[in-house]
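**Q** First residue of the sequence shown: 373, per our numbering; consecutive thereafter.
We put the beta carbon where it would ideally sit given N, CA and C, even for glycine.
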Amino acid sequence: MFNEKTILVTGGTGSFGKRFIQMVLERYQPARLIVYSRDELKQFEMQQHFNHPCMRYFIGDVRDGERLDMAMRDVDYVVHAAALKQVPAAEYNPMECIKTNVGGAENVIKAALNNGVKKVIALSTDKAANPVNLYGATKLCSDKLFVAANNMAGKNPTVFSVVRYGNVVGSRGSVVPFFEQLIAKGASNLPITHAEMTRFWLTLQQGVEFVLANFARMKGGEVFVPKIPSVRITDLASAMAPELPQEIIGIRPGEKLHEVMCPADDSYHTYEFKDYYVIAPSITFTSRNNDFAINALGEKATLVEPGFEYNSLNNRHFLSIEELKTMNQQVLAE
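#1: For Ile623, is the classification buried or exposed, using 16 other Cβ atoms within 10 angstroms of its Cβ as the cut-off for buried?
#2: Helix, strand or coil for Glu619? Go by DSSP, reduced to three states.
#3: Can you tell me which of Leu397, Glu627, Leu485 puts its alpha carbon nearest to the alpha carbon of Gly437?
#4: Whole angstroms are fine: how far does the CA of Lys511 sit from the CA of Asn505?
#5: Would you mind working out which of Ala567, Ile600, Pro503 sits nearest Phe582, comparing C-alpha positions?
#6: Give me the Cα-Cα distance between Arg439 and Asn502, rounded to the nearest whole angstrom.
#7: Tell me, please, whether the stretch 416 to 428 touches the stretch 392 to 405 by the rule of three or more beta-carbon pairs shorter than 8 Å.
#8: Could you work out which residue in Phe680, Thr385, Met467, Cys426 is closest to Gly432 when comparing CA atoms only?
#9: Apart from the five residues just before and just after Ser496, which ones in its own chain have a Cβ nearer than 6 Å to its Cβ?
#10: What's the gap between the Cα of Lys471 and the Cα of Ser610?
#11: Do you know how far the Cα of Thr606 is from the Cα of Asp786?
#12: Sorted by chain position, which residues of the same chain lie with C-beta nearer than 8 Å to Asp647's C-beta, five sequence neighbours on each side aside?
#13: In terms of alpha-carbon separation, which member of Phe518, Ser387, Leu413, Gly383 lies closest to Ile406?
#14: Give a yes or no on whether the C-beta atoms belonging to Asn528 and Arg660 are separated by under 8 Å.
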């Protein structure tokens, strides 16, 4: 699918972008693979590792619509991974978060439409489902923009979809590297925000695999949600440092006790496939296929029960302490 094609990744120097670039180079022969991001140092460091002839590094911010429009010339596929993601930072810097996560999404959509990009996948987060913090609210707004963009496209062939998933093991700013730093510094305990807190859990490899697979599955307008396990944060702490006591410090600003990926209010248009869910658009497309019970590969789904909610507490699959140890070791070895 990506052979001899041009792919652009916004926020391409982040954890997702690096792994995505790596996997595309290993599996395909793209014509061009473009990293679009605003940090020249991160791009320089990335160039030392990813220097394939097809690689291109463009300095630019998703807030800059004109620069994005130029960067997307002759691009076939776009992955929109750029975002301001730190929950407390967003609470204290709301306008900056909105400019990047909402205004940036609009700019990506306009640039893709202007340049006839074939397919766009925007990365979302479980925090966008029933959001209680500004980061989640901006990502929900972004999700809605990308879904509605399929109507904005009219007869333009560009299609837009969203991929939503939970915490990525070992990604920058996440709890695993935070705990690792504390343990390495000889901490006397590990801070836990709440003893009952749960989270969805997947590896970076799984996240990238899911995005790659959805480029083939997408019709345009779907929110793709993978079936992934949950973890109890107390179990994670026990897996990483069983000898250290755990100190309850209280929930941070804008933080949830449990995360949601498929809200109950969306159950009437949520479909279950074998290993993922699709939240179909609540709006009707005037020039696109509105049947999301079957994907672009011909795979069929069933509508979930009314009131169904996929959250990190009612998840049927929780990782055990031993499974967490194994997963952490695998991630550290990569």
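**A** According to the data block:
#1: In summary, Ile623 is exposed, with fewer than 16 beta-carbon neighbours lying within 10 Å of its beta-carbon over all protein chains present.
#2: Look at Glu619 here: in three-state DSSP terms it is strand.
#3: Of Leu397, Glu627, Leu485, the residue nearest in Cα terms is Leu485.
#4: If you take the alpha carbons of Asn505 and Lys511, they lie about 10 Å apart.
#5: Nearest C-alpha to Phe582: Ile600.
#6: When rounded, the distance between both Cα atoms is 33 Å.
#7: Contact between the stretch 416 to 428 and the stretch 392 to 405 is present: three or more C-beta pairs spanning the two stretches fall below 8 Å.
#8: The shortest CA-to-CA distance from Gly432 to any of Phe680, Thr385, Met467, Cys426 is the one to Thr385.
#9: The answer, listed in chain order, is Lys511, Asp515, Val534, Arg536.
#10: In a straight line, the C-alpha of Lys471 is about 39 Å away from that of Ser610.
#11: Residue 786 lies beyond the range of the chain shown here (373 to 706); nothing can be said about it.
#12: Beyond the five residues adjoining it in sequence on each side, Asp647 comes within less than 8 Å, by CB distance, of Pro598, Lys599 in the same chain, given in chain order.
#13: Of the listed residues, the one whose Cα sits closest to Ile406 is Gly383.
#14: Not in contact: Asn528 and Arg660 (Cβ atoms no closer than 8 Å).
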